[in-house]
Amino acid sequence: MIRWIRQQLGFDPPHQSDTRTVYVANRFPQNGHYIPQRFADNRIISSKYTVWNFVPKNLFEQFRRIANFYFLIIFLVQLMIDTPTSPVTSGLPLFFVITVTAIKQGYEDWLRHKADNEVNGAPVFVVRSGSLVQTRSKNIRVGDIVRVAKDETFPADLVLLSSDRPDGTCHITTASLDGETNLKTHYSVAETSVCQSVSQLEALQAVVECQQPEPDLYRFVGRMTVTQHGEEIVRPLGPENLLLRGARLKNTKEIFGVAVYTGMESKMALNYKCKSQKRSAVEKSMNTFLIIYLIILLSEAILSTILKYAWQAEIKWDEPFYNQKTEAERNSSPILKFISDFLAFLVLYNFIIPISLYVTVEMQKFLGSFFIGWDLDLYHEESDQKAQVNTSDLNEELGQVEYVFTDKTGTLTENEMQFRECSINGTKYREVNGKLLPEGMTDDSPDGSMPPLMGDELLFLKAVSLCHTVQISYDQSDCLAVGGDPFSHANGFSSNSMEYYASSPDEKALVEATKRIGVAFTCSNGDTMEIKTFGKFEKYKGLRTLVVACRHFSPEEYIDVDKKLNSARTALQQREERLQEAFSYIEKDLQLLGATGVEDKLQDKVQETIEALRLAGIKVWVLTGDKHETAVSVSLSCGHFHRTMNILELLQQHSDNECAEQLRRLSRRLREDHVIQHGLVVDGASLSLALREHEKLFMEVCKNCSAVLCCRMAPLQKAKVVRLLKTSPEKPITLAVGDGANDVSMIQEAHVGIGIMGKEGRQAVRNSDYAIARFKFLAKLLLVHGHFYYIRIATLVQYFFYKNVCFITPQFLYQFFCLFSQQTLYDSVYLTLYNICFTSLPILVYSLFEQLVHPHVLQNKPGLYRDISKNSLLSFRTFLYWTVLGFCHAFVFFFGSYILMGEDTTLMGNGQILRANRQLMFGNWTFGTLVFTVMVITVTLKLALETHFWTWMNHFVTWGSIAFYFIFSLFYGGIIWPFLHTQDMYFVFVQLLSSGSAWFAIIIIVITCLFPDVLKKVLYRHLQPTSTQKSQSLPASQVQNLSCMESLCCYQQGQSGCTRLARLLEQMTGRCKASANNCHTSSRNNRWGRLRHRESVILNDEPSAPLGVRNLGFSPDRCSP
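Using my numbering, read the sequence shown as starting at 1273 and increasing by one per residue.
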């Protein structure tokens, strides 16, 4: 039991030796000395939590946050000592924050569990007890014989035992593992290939000995010992015998294989990077700001404690007549008393740390993430797939990306090779409507005038149709079947009944092209190839070639060549060398026929997307497993490399010294040719050498290149490259995008991982943070959604600190007027509800809907992305501005109320000076309520000034929050509540509002606080506007085109909540007729309706325009009769 627990916790791995022994069909030795090895089960786990560890693990992660841990300490302090405020004031918000966050994270992890259960619960067939039994994928054990049918994925790493083919081979595609879509041929050993029935497999006595699991997809070392008639036959096993989990069976009816690596020990799972908690740059900034505020809090508490004891140094203040000490208090320890007072002040000022910030951020991220899925521009109609969000914790990180790492196959391309043109005897030909035409000739000529394909042209097509590794799958008949006739269809042959599968997508494209032209490959039987040439069936022997050429053999030469090939293919030793000798003998004295040109089709708008990312200041790296030539070709075609770019190469380096010398040469060349742009091409082997000893030099070369292409990359190498950039001194924000299981490590390593819903399985999507259907959607995801999310949450964070400084600083100032007696300025209900009710909704709605610039402008001007890069809106300078502003406003609240409500200016509603009952009416609670009222109004209006994009919901929560505060205060103080043991606020608010001077003070203080902000905004926009602010000030013609938008939140009839207010002001200034219609109908419908985008301040600079119009942000030119 203890060992099992240790294994589950990862302290005691199941296997300890360097090799593992697998008994086929779990036929263990029948002796008492054998102890079975323990192997992992076949479950795939991508989730973070389980039912048992969710509560402790989630609480641990949440209390790692400084604010949560701090409020837990405050709550415990309030429980242990006598403090000025109730423990409920800290405990209730803390409980609310923890609960909401746990529900959100639990829901997201439940979705991961659901995806895992789909994979682990997939039905599979295994051979057990002499029969084929259906079970779930998670129940497969090492040693089980598994049956896999055509087009199914392998549920574990299997050693191939047999297939339905006589030679025991099968074809698979590993697109989801290494990005290669070509078919690969795998082999079984001769002794097991004959076991094609369940009874034969059950009787098989075989043992597999192999290495322990490792992530290298292309390495497998093992051997199989087969016992036949009492004799042990040992056969070697290599990568060609191993069927990897995640690969797919093609062009083979069924196979049987024995499981050797299962679950998280499979090579696919080992290439997954361990899933870790990703934290955004904004969250890290929040923690830094919280530390600063914690220092401010401690400083205020220490200063207050010191000043209290300095004040009490005088006898009359140490023990006044109205507050006599008890005997226990006189005899208490001075140190303990100092600590107790310090903790009491700490509790009194603790609200300067905004605990509700975290829950608001969590709600903003969770609710805001739905906008990505709702965006119709990110919906792919052909595949009926919309964008999806797997984790909402990184929304704002989309607006901070500096490096994009992308896969090639299936991410930039469609995984579809297309035949473009060919050259025969120096003449260029192209395919037009199924005809091969010389360059310059069109298809509009009469059929009689089209020259027939003769001689070299026909021989060229035959060679292309014969020399390949293409396999055929028939729907109705199979030419490999015994007695089958591939030409038994109507009219002799039905081309619609077969489908080609190839070991190379180039070959498939070429064979399909020759079929369309009239030379169709129809069947392969051993070494015999059958084609149909313009209706005539012919048989040949074809070998796979890389050039289109031919050689004519005499019958005697052909027999000799055939013997050499068969002898080499059946050799047990040095098979590859003997085959190479045979091919070298055949491939000489060749007659060159021509060359072909095929192209992997790029996805739509890939080039435009890469260019937009480059203009946004984002560097794009392509990391692919493809070979060098193919990768460079695609990089050039997609715009990753420009034709005028100087391409540098770090290829085929074989030693550290050689690699270092090449890096130094590249570095010198970059310094000498710094004017032109450079691109770098690196292969996997050279990269390994560069990362081993020369990381710094390699990074210097890469950072000076405009684009980098890494080819022949293993999955873990991709992750290492991403980690290299992540951990560089600049700490840039990275994004990785891919579509296959070979991209999972890279996706998990990057700050943000994007999965493409392509043709290579769902592993990348399941392990990504966001998933989109096409690469082109990345532009809007970053430039629009990322921009919006970042400015929203950056303002949210700064605003929370600002309003909490405004909240607590008057409490600190009040202690100077109450002898530091720890008397609270505000009622405890106000303390609790300030962040929860009175000021929470406006900032939440702002953080969901705010748009500084129109989405179309953001997409058309990618350079605006640079304005928010490097966490600029959360820089220390911006943080300092908001903090100082909060302190300034707090001083105005406190001293403004103190001065305006002084003895000589305290007036009743009828104008008479109140002296006798001044203390009754304007005592402690009245003064605190006045300060609190001014504060709620000011911080709410401050957010209104920051809002550029008004909706009806913004209006509702902004003015509704102020109204709710007044209504609540009237009810709270106007009624005697029986469940309250004290009611200090009874009738205080009513009396306060009955005073004209109170209203006068509220208006004066609010204007005093906000007028400098308005003045600053106007001056900055006129004198020092940013590029974002310039983009907000659009010409009238552009504004008309953008007045109605397909926004993230839209409403019916294309009108926002501020439309009527805008019209009213425009009519008042005489710049717009009453019948003006400011909203023009959009040409596109979406599911939410439409919403008019409010343009910001200074939309024109006409001297005749009234100043008020320009400052309010309503352009006279926007109105049309």
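For each residue, glycine too, the CB sits at the ideal point set by N, CA and C. Here the structure is a predicted model, which means the values were calculated and not measured.
Helix, strand or coil at residue i [DSSP, three-state]
i     : result
Q1406 : strand
M1689 : strand
C1739 : coil
C2160 : helix
H1385 : helix
Q1302 : coil
H1652 : strand
V2394 : There is no way to answer for residue 2394, as the model of the chain reaches only from 1273 to 2393.
A1979 : strand
R2362 : Unreliable placement is indicated for R2362, whose pLDDT of 32 sits below 50; the coordinate value is still reported in the next sentence. Looking at R2362 - three-state DSSP - the assignment turns out to be strand.
Y1701 : strand
V1414 : coil
N2107 : helix
D1290 : coil
G1363 : helix
M2225 : helix
P1987 : helix
S2147 : coil
W2154 : helix
Y1772 : strand
L1515 : strand
T1999 : coil
R2187 : Caution is warranted here: a pLDDT of 42 is assigned to R2187, below 50, making its placement in the model unreliable, and no coordinate value can be reported.
A2377 : Model confidence at A2377 stands at a pLDDT of 31, short of 50, so the residue's coordinates are unreliable and nothing is read from them.
Under 7 Å between C-beta atoms of residue i and residue j
i     : j     : result
I1317 : V1391 : no
Q2296 : L1620 : no
E2433 : H2059 : The requested residue 2433 does not occur in the structure, where the chain is confined to residues 1273 to 2393.
F2110 : V2208 : yes
T1534 : A1312 : yes
S1737 : V1820 : no
I2277 : V2229 : no
V1369 : I1563 : no
L1887 : C1910 : no
V1214 : A2013 : Only positions 1273 to 2393 of the chain appear in the structure, and residue 1214 is not among them; the question remains open.
I1568 : I2080 : no
T2210 : C2281 : yes
A2273 : Q1660 : no
C1977 : D1955 : no
Neighbourhood of residue i by C-beta, 7 Å cutoff - its chain only, sequence neighbours within 5 removed
i     : result
L1615 : V1349 and I1353
F1617 : A1573, S1576, T1577 and Q2094
A1884 : A2051, L2055 and P2134
C1974 : L1952 and V1980
I1412 : N1314, V1396, V1398, V1418, P1427, A1428, A1531 and T1534
D1945 : N1918
F1363 : At residue 1363 the sequence reads Gly, which differs from the Phe that was named. Once the five neighbours on either side are set aside, the close Cβ partners of G1363 are F1347.
Cutoff 6 Å; reference residue i; Cβ partners in own chain excluding five residues on either side
i     : result
D2041 : N1662, T1663, L1666, V2024 and G2025
G2183 : Residue placement at G2183 cannot be trusted, given a pLDDT of 37 that sits under 50; what the coordinates show is reported in the next sentence. None.
The ligand GDP heavy atom lying under 6 Å from the CB of residue i
i     : result
F1614 : With respect to small molecules bound, the structure shown includes none, and the ligand GDP cannot be examined in it.
Own chain, CB closer than 8 Å to residue i, minus 5 neighbours either side, in chain order
i     : result
V1783 : V1736, S1737, H1740, V1742, Y1772, A1774 and F1793
Beta-bridge pairing of residue i - partner residues as DSSP gives them
i     : result
T1445 : L1455 and R1520
V1863 : Val is not the amino acid found at residue 1863; the sequence shown has Gln there. Answer by DSSP bridge pairing, in chain order: C1822.
A1228 : Within the shown structure, residues of the chain are numbered from 1273 to 2393, placing residue 1228 beyond reach of any answer.
K1804 : A1792 and F1809
D1955 : C1983
F1677 : W1893 and A2008
L1430 : L1515 and A1531
Neighbour flag for residue i against chain B, beta carbons, 7 Å
i     : result
L1961 : Although the question refers to chain B, the structure presented lacks it and comprises just one protein chain.
Ignoring anything shorter than 4 residues or poking outside the region 2002 to 2037, list the alpha helix (DSSP H) runs there in chain order.
2016 to 2021
Could you tell me which uninterrupted beta strand (DSSP E) segments, each at least 3 residues in length, are contained entirely in the region 1447 to 1512, listed from first to last along the chain?
1452 to 1458, 1478 to 1483, 1494 to 1500 and 1503 to 1509
Just to confirm the assignment: which complete beta strand (DSSP E) runs, minimum length 3, are found wholly within the region 1903 to 1953?
1918 to 1922
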